[in-house]
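Notes follow once the structure below has been shown.
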Amino acid sequence: FALPTVANEPASPVRDVSEGEACPTDSGFLADQDRATIAKSSTLPHDSAPRVTSPAADEGSMQHNISKLMALCTSLQRQYSELLVKFQAQKEEIVRLKERVQVLEDREGDAAKQSRDDAPIKGRSINEGKAAAERIKVARIHAEEELQGMIDGLEKSNETIAKYLQ
Numbered sequence: 006f007a008l009p010t011v012a013n014e015p016a017s018p019v020r021d022v023s024e025g026e027a028c029p030t031d032s033g034f035l036a037d038q039d040r041a042t043i044a045k046s047s048t049l050p051h052d053s054a055p056r057v058t059s060p061a062a063d064e065g066s067m068q069h070n071i072s073k074l075m076a077l078c079t080s081l082q083r084q085y086s087e088l089l090v091k092f093q094a095q096k097e098e099i100v101r102l103k104e105r106v107q108v109l110e111d112r113e114g115d116a117a118k119q120s121r122d123d124a125p126i127k128g129r130s131i132n133e134g135k136a137a138a139e140r141i142k143v144a145r146i147h148a149e150e151e152l153q154g155m156i157d158g159l160e161k162s163n164e165t166i167a168k169y170l171q
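Below, the structure is given as structure tokens:
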């Protein structure tokens, strides 16, 4: 078995120019239709191109996200600490206001007793008793308004914290 020499090989791999076509090309309707089908099926759509991201880009993006999350966490911790201080101050203020209301209620009771004891000097003691009762009533209203304002502030702070914790 001997290999053909270069002189014996055809000049074109598709067809042998010395002896005619080695692989005849049919330009008929079926051959053209087959070529079109092959061309359509062998091309990939533009969106199906594989997308490869570099690990370095992913790592940089993740590091950026971690930095953002750490900053957010630090900010939330600071705000939480500030709100805790405010809550504690408001709790103390509520306790003081409750004590004040109790003192005023006790005074109101004492004033009513005193007005009965001072029956001989009716005009003056009744007027003083009414004035004291009126002052106590006004003070109670103010204390209740302050308490309600503090409660509203606490509720608003709780809502703010709840937003950040979600």
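Converting from the sequence shown to the working numbering requires adding 5 to each position, the first position being numbered 1. Idealized CB from N, CA, C, for every residue including glycine.
Using a 10 angstroms sphere on the CB of I156, the tally of other CB atoms stays under 16, which defines it as exposed. Q171 sits in coil when the DSSP states are folded into three classes, being neither helix nor strand. At least 8 Å separates the beta-carbon of E160 from that of L102.
Less than 8 Å divides the Cβ of A138 from the Cβ of E113.
When the beta-carbon positions are compared, Y85 and I166 come within less than 8 Å of each other. Spatial neighbours of R105 in its own chain (CB-CB distance under 7 Å, excluding positions within 5 residues in sequence) are listed in chain order as A148. The straight-line gap separating the alpha-carbon atoms of M67 and S80 is approximately 20 Å. With 16 or more other Cβ atoms from the protein chains shown falling within 10 Å of its own Cβ, I141 counts as buried. A direct Cα-to-Cα measurement between E164 and V108 gives close to 33 Å.
Here the alpha carbons of Q171 and S162 stand approximately 15 Å from one another.
E87 has its alpha-carbon roughly 20 Å from the corresponding atom of V100. V90 and G158 have their C-alpha atoms spaced approximately 13 Å apart. When the Cα atoms are used, L74 and Y169 turn out to be separated by approximately 13 Å.
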